[in-house]
Amino acid sequence: MRRYADVEAALADPRLVPPPAAAPGPTGGVAWLRATVARFSHGQTHDRRRALVVADLARLDPAALRRAAAGDPDTDPRRVAVRTLAQALGLADPDAVAEAIGVVAGAYFGDAADPAADRAVARLLPLMLPTGPTGHDGFDGGVAAGAPAPPGATEAARAAAEVAANRIGLLVQACDATATLVDHARRAAVGCPAATGVEALLAETLRHDPPVPALHRVATAATRVADANLAPGERVVLDVAAANRDPAVFADPDVFDPRRPGPASLTFGAAPRACPGTEHALAIAAGVLDRYLDAPATLVTGLVEQVLTRAGTWTAWDGRPRPAGDRVYTPHKAIRRVADHLVDHLAEIEARLAGQAPPPDHWHASMVTTPADLAPFTAHDLDEARSRLSRLALIWARRLDDLTAEQLDRSPGPGWSFRQLAFHLAGSVFYADAVGDLTPTDAAAPKG
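Have a look at this one:
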């Protein structure tokens, strides 16, 4: 379904629910988690579990979440989103929570076995206890991670395990969806006027480039939506991205316009299953963007940090270029392209500040893969990349920090403002993402 009205009607139909989770498996694994959270349940079970999430969110102040996210120095919006929520919920060790949630998020929406994610869920369960008096009581390990709930388990322990599972589910949802929203908004900000507010930027990003472009639903009973009769068990895909660009609803739907009037996007769903954390997710995303706007140098230093984190796994590269669209990338090529971008736009800024035309570039860019790009990526190459990119990031940070707000937003010479250039540079993480995390799959296995 692609039309706005049809997707809206399907979202509002209580007989269309997300596909249920598979068999739950042992308590404390990903399969158990999926079978225990509100997202993959329906009926009274869904209502009970959703109420747990709503209760957690009700005690969180979105304005405080925004301030906390803006004050977090971490450059990874996934960790910022999770840590901000974990701290606000009063959970023990928010850093450990953020690390484990990042592992679980990679397996949450699939059915494949993932032992590392199972171990992460088991680590998270005891961390779901709040450190203050504001949380739920009763989770005392009566339902042990890694084993089916014993027949004699107390109802309080079972209920507490359900609370913990739905708290983990809340954090997982924040991890990828909120961080992806931030990334999409950051890219969109490059072409927006300096006066564009963060709220308007996020609202139009949700419509134009939603972090979750499609939703799946299955009929629990016979129903009719969009002139289609659906039998029990029949599945349907709701193309949220297409609905958000329905020309019958949005004028010039492919144009990114933060001043756009009209109805809200369908990205956060609709009653009765509308996302209960919409306000909180937007607050955290706004906080991260506030920090980027107030200190654009963090965009560049964050880019380099993310690239070097990826590069730290590339000594395991098997020599095969990684395809990305109509191009291919290797570790050396990714480092080359990131460095090219940093040097090229730094030269542009210096020229424009001096009242000169930026020097023309003759980069071969991504169209060419050189013999040097295909060379093995050794520990020495990693050291060289760290030295080169870290120094470029330092130069960038000093240059941007020395600019006035006037220079950042009303920059001399033709082209993007210097603040927009910083947002543009942050997108260079694409090259590192194209190569990916090459950590050997057995690296997380327990030793001995």
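Numbering follows the working numbering, in which position 195 of the sequence shown is assigned residue number 536; successive positions increment by one, without gaps. Note that beta-carbon positions come from the ideal geometry of N, C-alpha and C, so glycine has one too.
Drop a sphere of 10 angstroms on the beta-carbon of residue i, count the other beta-carbons inside from all chains shown, and report buried for 16 or more, exposed for fewer.
i      : result
Ala572 : exposed
Ala450 : Ala is not the amino acid found at residue 450; the sequence shown has Phe there. When all chains shown are included, Phe450 counts as exposed.
Thr386 : exposed
Thr495 : exposed
Gln697 : exposed
Asp635 : exposed
Asn570 : exposed
Pro418 : buried
Thr711 : exposed
Val709 : exposed
Ala720 : exposed
Arg424 : buried
Gly412 : exposed
Arg732 : exposed
Ser728 : exposed
Asp347 : buried
Phe480 : Model confidence at Phe480 stands at a pLDDT of 45, short of 50, so the residue's coordinates are unreliable and nothing is read from them.
Report the residue from the options whose alpha carbon sits nearest the alpha carbon of residue i.
i      : options                        : result
Val378 : Ile509, Arg344, Pro664         : Ile509
Thr691 : His705, Met342, Leu744, Ala372 : Correcting the residue type first, residue 691 is Glu in the shown sequence and not Thr. Considering only alpha carbons, the answer is Leu744.
Leu430 : Phe597, Asp750, Pro403, Arg727 : Pro403
Gln647 : Glu747, Ala734, Ala497, Phe597 : Ala734
Pro599 : Pro456, Asp415, Arg464, Leu547 : Leu547
Glu349 : Gly768, Asp397, Arg558         : Arg558
Arg390 : Val679, Pro672, Val504         : Val504
Asp722 : Phe591, Pro672, Leu741, Arg527 : Pro672
His549 : Arg565, Arg651, Pro360, Arg601 : Arg601
His383 : Ala562, Val566, Ala526, Arg527 : Ala562
Pro360 : Ala560, Arg760, Ala501         : Ala560
Ala529 : Phe597, Gly574, Val445         : Phe597
Ala773 : Gly653, Ala501, Met342         : Gly653
Val531 : Arg668, Gln761, Asp778         : Gln761
Residue i to residue j, Cα distance in whole Å?
i      : j      : result
Asp702 : Val577 : 49 Å
Leu542 : Leu623 : 11 Å
Trp658 : Asp714 : 12 Å
Thr368 : Pro435 : 22 Å
Arg407 : Ala605 : 21 Å
Cys616 : Phe609 : 5 Å
Arg420 : Ala427 : 10 Å
Ala726 : Leu649 : 8 Å
Pro664 : Ala775 : 7 Å
Phe764 : Thr619 : 25 Å
Val770 : Asp631 : 20 Å
Ala544 : Ala448 : 28 Å
Asp354 : Ala738 : 51 Å
Cys516 : Gly443 : 7 Å
Leu640 : Arg356 : 44 Å
Arg499 : Arg586 : 44 Å
Arg460 : Leu374 : 12 Å
Leu579 : Arg614 : 14 Å
Ala582 : Ala626 : 20 Å
Pro474 : Leu432 : Unreliable positioning characterises Pro474 in this predicted model, as indicated by a pLDDT of 39, which lies under 50. A coordinate reading is not provided.
Ala409 : Leu511 : 18 Å
Asp388 : Arg380 : 10 Å
His705 : His682 : 12 Å
Ala589 : Ala680 : 44 Å
Ala767 : Arg565 : 45 Å
Thr780 : Gly538 : 39 Å
Leu398 : His621 : 8 Å
Trp757 : Ala405 : 33 Å
Val438 : Pro755 : 46 Å
According to DSSP, which residues form a beta bridge with residue i?
i      : result
Pro664 : Val669
Arg576 : Val559
Leu644 : Beta-bridge pairing links Leu644 to no other residue.
Run through DSSP, which three-state label would residue i get?
i      : result
His765 : helix
Leu556 : strand
Gly487 : Below a pLDDT of 50, predicted positions are generally treated as unreliable, and Gly487, at 44, falls in that range; no measurement from the model is reported.
Leu522 : helix
Gly476 : Bear in mind that a pLDDT of 41 at Gly476, under 50, signals an unreliable position, so the number given afterwards is only what the model happens to contain. Coil.
Ala569 : strand
Thr564 : strand
Val358 : strand
Leu432 : strand
Gly443 : helix
Ala688 : helix
Asp481 : Low confidence applies to Asp481: its pLDDT is 43, below 50, so where it sits in the model is not reliable, and the reading given next is rough at best. It is coil, neither helix nor strand.
Cys516 : helix
Tyr449 : coil
Pro708 : Looking at the sequence shown, residue 708 is not Pro but Met. In this structure, Met708 counts as helix in the three-state DSSP scheme.
Trp655 : helix
Asp702 : coil
For chain B, check one thing: does any of its Cβ atoms lie closer than 8 Å to the Cβ of residue i?
i      : result
Leu466 : Note that chain B does not occur in the displayed structure, where there is just one protein chain.
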